[in-house]
Structure formats: C-alpha cells, structure tokens
Amino acid sequence: MNGLYGEGPVVIAGPCSAESEEQVLVTAHALADMGIKVFRAGLWKPRTHPGGFDGVGEQGLAWLQRVRRETGMLVATEVATPEHVAAALNAGIDIFWIGARTTANPFAVQQIADTLQGHDVPVLVKNPMSPDLELWIGAMQRLEAAGITRLGAVHRGFTPNTELSEYRNVPHWDIAIELKRRYPTLCIMCDPSHMCGRRELVGELSRQALTMGFDGLLVEVHCQPEVALSDAAQQLTPDALLQMLANLHPRHCDDAGEELEQLRQRIDECDRELVNLLARRMAVVREIGHYKQIRQVPVVQTSRFDKVLRHAIELARVEGMSEAFITAVMHAIHDEAVRQQV
Ligand code: PEP
Ligand code: MN
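Here's what the structure looks like:
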C-alpha cells in the first residue's frame with residue numbers, strides 16, 4: 013500500500029470512534045489542513061465488556077462520506093461482520109480494516125472475505141490479540157484468496173501477560189519483523205495508539221516504528237480527547253499529532269551504501285563466532301549429560317540454572333544489555349541444552 017497515497021510513510025489518523033457528525037467533521041478538517049490523506053473512524057466498536065459505547069453504526073457512514081466530499085481525504089473504518097462490510101461497500105468507504113479481536117477468529121475473517129469477493133478494496137489486517145503470527149498471516153491469506161490485492165498489516169501490539177506492563181499492548185517487534193521477512197513486499201503499518209494506551213508514549217513508539225522501517229502509522233486523533241467515548245487516554249489532539257510528526261524523521265531507503273555493507277559483514281562475522289561458540293558450549297553440555305547419566309544425576313537442576321542466569325545478567329549489565337534480553341537468550345540456550353541431554 014505504500015506509494016498508493018504518495019511518497020513516504022502513510023499516516024492514517026482520526027478518532028477511535030465516530031461519536032457525532034460534528035466531532036467527526038471538526039477532527040477531519042483539522043487533519044486535512046495539516047496534510048493528512050487518510051481519515052480513520054470506528055463505527056462499529058468491539059468492546060471488551062458489554063454496556064460500553066459500541067459505536068454509532070451505519071448512521072456514521074454518511075458522516076464519513078461528508079469527510080471525503082469536504083476534505084478529499086480517503087476514509088477508513090473497521091468491519092467485523094458481513095453486514096458491516098455490505099454497508100461500508102455500499103457507502104463507498106475507501107479502506108477497510110479488520111480489528112485485533114476479529115483477526116483472532118477465522119470464521120469471522122472468512123465471512124468478511126466471502127462478502128468482499130469481487131470488491132477489490134484495500135484491507136488492513138490488525139494483528140490478533142495474542143502473539144500468534146500464523147493466525148495473523150492466515151487472516152490475510154483468506155482475504156488474498158477472496159481476490160483482495162491491496163492488503164496491508166497493522167501491528168498494534170499484543171495483550172500483555174502481566175499487569176505491570178507499561179504498554180496496553182506490548183509491541184513484540186520481533187513478530188512484525190518476522191512478518192516482513194516472510195512477506196517483504198507487504199505494507200506493514202504500526203498503530204502506536206493501541207500499543208501505548210497513553211498519549212504520552214505515542215510519539216516515542218511512532219519514532220521507533222518508523223526508524224525500524226514500518227510503512228506508516230495508524231494514529232488515534234480526536235478534537236477533544238479528554239471527553240472521547242472510547243480510548244480517551246490514548247488519543248492525541250490534531251495539534252499534538254502535528255507536533256509529533258514534525259519531530260519524526262522517517263527513513264526510507266533500501267540501498268545499502270558501502271559503509272553499511274562493511275558493517276553488515278562484521279555482523280555476519282560476529283554471528284559466525286556466536287554460532288561457533290554456542291556449538292562449543294553444547295559440546296560441553298553433552299559431556300555433562302554423559303556424566304549425569306553415568307552417575308544417575310537428573311538433567312535439570314534449577315538451582316544451577318539460577319546461578320548461571322544471575323551470572324549472565326551481571327555480565328550483560330556491565331555491557332549495557334537489558335536483563336530481559338539476556339534472560340530470554342539464556343532461557344533459549346538452557347532449553348537447547350536440556351534437549352541435548354535427554
Ligand atoms: C481501533 O482501531 O479502534 C481498534 C478497536 O483497535 P484494535 O482492534 O487494534 O484493538
Ligand atoms: Mn481505539
């Protein structure tokens with residue numbers, strides 16, 4: 013999808029939910045005035061609990077049509093059922109997106125795909141709530157099989173497994189990067205608003221996403237965020253978006269210069285040494301395995317792994333690497349070591 017809307021990263025902006033004709037139009041005009049080309053607004057809102065504001069529904073389609081007429085922006089909305097798709101197609105909505113809760117349900121995605129058959133509109137597929145890359149890919153495959161040629165993915169983070177997370181939805185960038193590795197030409201956008209859950213963090217995550225080479229941003233913007241009927245804490249004002257974009261310096265160049273090429277060769281060399289070192293470590297692991305077998309010592313001794321882990325964390329800290337990173341690496345190494353001993 014990159015390029016469809018001009019050069020550089022695409023910015024899709026607008027409120028979490030369309031709430032009133034006035035709120036939609038005021039927000040849209042402010043965004044259009046700053047050069048935003050695609051407007052988002054949710055009409056059908058999938059809420060976690062019943063009783064929340066679940067969207068204005070079909071009546072909002074006319075408001076989006078008015079946005080298109082008055083500002084020239086393309087308009088995008090979320091669809092979750094065949095009825096939503098039919099109504100949005102009928103209203104000439106330009107871009108459809110599938111929300112995280114829907115992507116997780118293959119039956120729902122298939123119904124949407126079946127209804128889109130014969131209507132080659134651009135469709136953005138948000139990642140499912142849980143970090144399941146195959147489920148995300150599977151949803152896009154269903155749409156592709158239905159003849160959708162302008163597919164995009166939206167990385168909006170994953171439900172955290174602890175209350176202590178600073179993010180509403182944890183980025184897990186590795187999953188989006190793996191998606192890009194497998195589908196290099198797929199447009200992958202980032203939704204920093206749903207990742208953060210708090211507007212103060214949106215700028216920093218947007219910077220990280222564009223630095224990594226994401227194709228664009230899907231950002232929630234509301235003319236009066238503090239009184240928004242959904243996701244009030246994470247929406248930006250149009251002015252705040254303008255300021256945020258002015259501070260971002262997207263990078264868009266795939267050509268590796270000579271210096272970059274040389275640096276990459278050094279990385280390749282490091283990786284060779286790394287794998288070699290791991291292989292040597294595993295050889296020792298197998299010797300220990302042999303020893304344990306002869307002396308009837310159980311393979312897993314958690315107190316020993318605790319000690320190994322604490323040692324590695326201490327060494328990594330001195331080298332400026334995070335505890336989370338080295339812990340993940342040591343767990344992966346330990347898993348393989350156990351596998352080699354049993
Ligand atoms: C949204 O974009 O308003 C939305 C509901 O997002 P998600 O599906 O990512 O939770
Ligand atoms: Mn939202």
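Per my numbering, residue 13 is the first one in the sequence shown, and the count goes up by one each step. A virtual CB, placed ideally from N, CA and C, is assigned to each residue, including glycine.
In this structure, the beta-carbon distance from L147 to E156 does not fall below 8 Å. For W148, the uninterrupted alpha helix (DSSP H) run begins and ends at L145 to A157, by DSSP.
A contact between stretches requires three or more CB pairs, one per stretch, nearer than 8 Å, and the stretch 109-118 fails this requirement with the stretch 63-83. When A151, R168 and V166 are compared, the shortest CA-CA separation from I160 is found for A151. Here P250 is buried: its Cβ has 16 or more other Cβ atoms, across all protein chains shown, within 10 Å.
Around the beta carbon of D243, 16 or more other beta carbons sit within 10 angstroms, so the residue counts as buried.
Selection A40, A88 and S218 evaluated against L55 yields A88 as nearest (Cα-Cα). Using a Cβ distance threshold of 8 Å, R154 and D203 do not count as a contacting pair. A heavy atom of ligand 2 is found nearer than 7 Å to the CB of E232. M141: not part of any beta strand (DSSP E); DSSP gives it neither H nor E. By the Cβ criterion, the stretch 218-235 is not in contact with the stretch 269-282, since fewer than three pairs of Cβ atoms, one from each stretch, lie closer than 8 Å. Per the DSSP secondary-structure output, T89 pairs in a beta bridge with F108.
Between ligand 2 and S242, a heavy atom-to-CB distance of less than 7 Å is present. When DSSP states are grouped into helix, strand and coil, C208 belongs to the helix group. Taking a 10 Å sphere around the C-beta of N181, we find 16 or more other C-beta atoms and assign the residue as buried. DSSP places S218 within a helical segment (H, G or I) once states are collapsed to three.
Within the same chain, and ignoring the five residues on either side of K192 in sequence, the residues whose Cβ sits closer than 6 Å to its Cβ are I200.
The criterion of a C-beta distance shorter than 8 Å is satisfied by L43 and G26. The straight-line gap separating the alpha-carbon atoms of L86 and I48 is approximately 10 Å.
The criterion of a C-beta distance shorter than 8 Å is satisfied by Q247 and S205. Within the stretch 235-263, the complete alpha helix (DSSP H) segments of 4 residues or longer fall at 250-258, listed in chain order.
When secondary structure is reduced to three states using DSSP, G164 falls in the strand class. Look at A25 here: in three-state DSSP terms it is strand. Inclusion of A245 and R210 in the CB contact set at 8 Å is warranted, their separation being smaller than that value. When DSSP states are grouped into helix, strand and coil, F51 belongs to the strand group. Per DSSP, E31 lies in no beta strand (DSSP E) and is assigned neither H nor E.
About 6 Å separates the Cβ atoms of A98 and T127, confirming a contact at the 8 Å cut-off.
Close to ligand 1, as judged by a C-beta nearer than 5 Å to any of its heavy atoms, are the residues C28, G54, G111, A112, K138, R168 and H206, in chain order. I338 and A328 do touch by the CB rule: their CB atoms are close to 4 Å apart, below 8 Å.
Note on E90: 16 or more other CB atoms within 10 angstroms of its CB, so buried under the neighbour-count rule. When C-alpha distances from M141 are compared across R307, G69 and T171, the shortest belongs to T171. Exclusion of the five residues before and after A324 leaves I338 and M342 as the residues of its chain whose Cβ lies within less than 7 Å of its Cβ.
Pairing K138 with L222, the inter-Cα distance amounts to about 17 Å.
Judged by beta-carbon spacing, V50 lies within the 8 Å limit of I107, meaning their Cβ atoms are closer than that value.
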